[in-house]
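End of the sequence shown sits at 1096 in this note's numbering; the numbers just go up one at a time, nothing left out.
We put the CB at the ideal spot given by N, CA and C, even for glycine.
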Amino acid sequence: MAINWFPGHMHKARKEIKQVMPQMGLIIEVVDARIPFSSENPLVPSLRGDTPLIKVLNKRDLADPAITEQWLAWIEKERGVRAITLTHNQRQEALGILKLAEEMTPTHNREKSALRVMILGIPNVGKSTLINTLAGRPAAKTGNEPAVTRAQQAIKLPDNVLLYDTPGFLWPKLSPEQCGYRLAVTGAIRSAVLDFEDVAMFEADYLVQAYPELVMARYGLGQKPRDGLALMDAIAEKRRFLGRGGVPDLHKVSEVLLNEFRAGTLGQISLETPDMVEQELAEARIKEEQEAKEKAIKAEQRKRKKR
């Protein structure tokens, strides 16, 4: 299943970013530490130019620490980018962002003018919570549904920083296709547009490959399941999620798998690594090139028929 999210609004988002970004002295992008690539905004790299960027890997406590370290090193290879990790309700740690912002904008005189900072982040990565933490007051609405921020707002922060929380910048990379699934697993996409069982199967397949010991311990399994479906069947048997004739209720199993992952009950798990993403990007480029060739061949065939 190809997961589509917010179709048709990319042009408007790109236009708004183009208009606002040149006025900014710094960009803060909040991503999910479990999926730093899949949860980043695809417009930022192409539109930020030389504007310094702080990438905040939030929900650090839910991610695999070893893989998070890999991501920090990978992200900071890009010029003008610094990466940090955060976890929930750590105000002093969050305020370190303001100190880092000062280090990254040494030529800006805050006595003369405020440092304008744009903050970006897709739903459910903790952007609004971070804004409120930095402001020390409920300055932004919080929620895990899309489009919580309805209008552009400027929020005053300590040290003469003006933080712009702008709507419309909510679209993730849905290519490679796996990115859409990872976003769905973490809860960044509304449940109403998802096939729960399909998304949970994606999660189960990954867990069996990458974290077999965690799922075996959590669900009391004596041996590693051969694949995602075998894991879901085993959970159904252990939890007695069975319908008529002992048929596994995969919908109930799907809810358990997704909810326990999102709550961190399964343990500290990351759904992607830099090596994995680089391989997927390479495969996606090959696929796009092949599709472009096939499209060109068909166009040429149509031309010949018209002659």
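- Residue ranges of uninterrupted beta strand (DSSP E) with 3 or more members, entirely inside the segment 821-897 and ordered along the chain, are 842-847, 870-874.
- Segment contact: the segment 1064-1083 against the segment 1014-1029, fewer than three CB-CB distances shorter than 8 Å; contact not assigned.
- In the DSSP assignment, the residues bridged to Met907 are Ile816, Tyr953.
- Cβ neighbours of Ile806 within its own chain (closer than 6 Å, five residues either side excluded): Leu832, Leu836.
- Going by DSSP, Ile944 is part of the beta strand (DSSP E) stretching over 942-946.
- The segment 1029-1044 makes no contact with the segment 1052-1062: fewer than 3 CB pairs, one atom from each, lie closer than 8 Å.
- Where Asp987 is concerned, the enclosing alpha helix (DSSP H) starts and stops at 985-999.
- DSSP, reduced to helix, strand and coil, places Leu972 within a helical segment of the structure shown.
- With fewer than 16 other beta carbons inside 10 angstroms of its own, Val1036 counts as exposed.
- By the CB criterion at 9 Å, Leu846 and Ala852 fall inside the cutoff.
- Under the DSSP assignment, Gly1017 falls in the alpha helix (DSSP H) whose first and last residues are 1017-1028.
- Taking all protein chains shown into account, Glu858 has fewer than 16 neighbouring C-beta atoms within 10 Å of its C-beta and is therefore exposed.
- When the Cα atoms are used, Gly910 and Glu829 turn out to be separated by approximately 7 Å.
- Per DSSP, reduced to three states, the secondary structure at Leu1010 is coil, with no helix or strand assignment.
- The Cβ atoms of Asn913 and Thr975 lie closer than 9 Å to each other.
- CA-to-CA, the gap between Ile920 and Glu865 works out to about 23 Å.
- Linking Val1066 to Arg880 through their CA atoms gives a straight-line distance of about 32 Å.
- Spatial neighbours of Gly1009 in its own chain (CB-CB distance under 8 Å, excluding positions within 5 residues in sequence) are listed in chain order as Lys1027.
- Non-local C-beta neighbours of Arg1096 in its own chain, meaning closer than 8 Å and more than five positions away in sequence, are absent.
- Ala862 sits exposed, since fewer than 16 C-beta atoms from the chains shown fall within 10 Å of its C-beta.
- Rounded to the nearest angstrom, the gap between the Cα atoms of Arg899 and Phe1050 is 43 Å.
- Counting only residues of its own chain and dropping the five nearest sequence neighbours on each side, Ala890 has a CB closer than 6 Å to the CB of Leu815.
- Taken through DSSP and simplified to helix, strand or coil, Pro1037 comes out as strand.
- Within the same chain, and ignoring the five residues on either side of Lys916 in sequence, the residues whose Cβ sits closer than 7 Å to its Cβ are Val819, Ile908, Gly910.
- For Leu1031, the secondary structure class from DSSP, reduced to helix, strand or coil, is strand.
- For Pro811, the secondary structure class from DSSP, reduced to helix, strand or coil, is helix.
- Counted as a single uninterrupted DSSP element, the stretch harbouring Val914 is not any alpha helix (DSSP H), since DSSP gives it neither H nor E.
- In the structure shown, the three-state DSSP call for Thr918 is helix.
- Here DSSP, grouped into helix, strand and coil, assigns Ser980 to helix.
- The beta carbon of Arg1007 is closer than 8 Å to those of Glu1049, Thr1054, Leu1055, Gly1056 in its chain, skipping five residues each way along the sequence.
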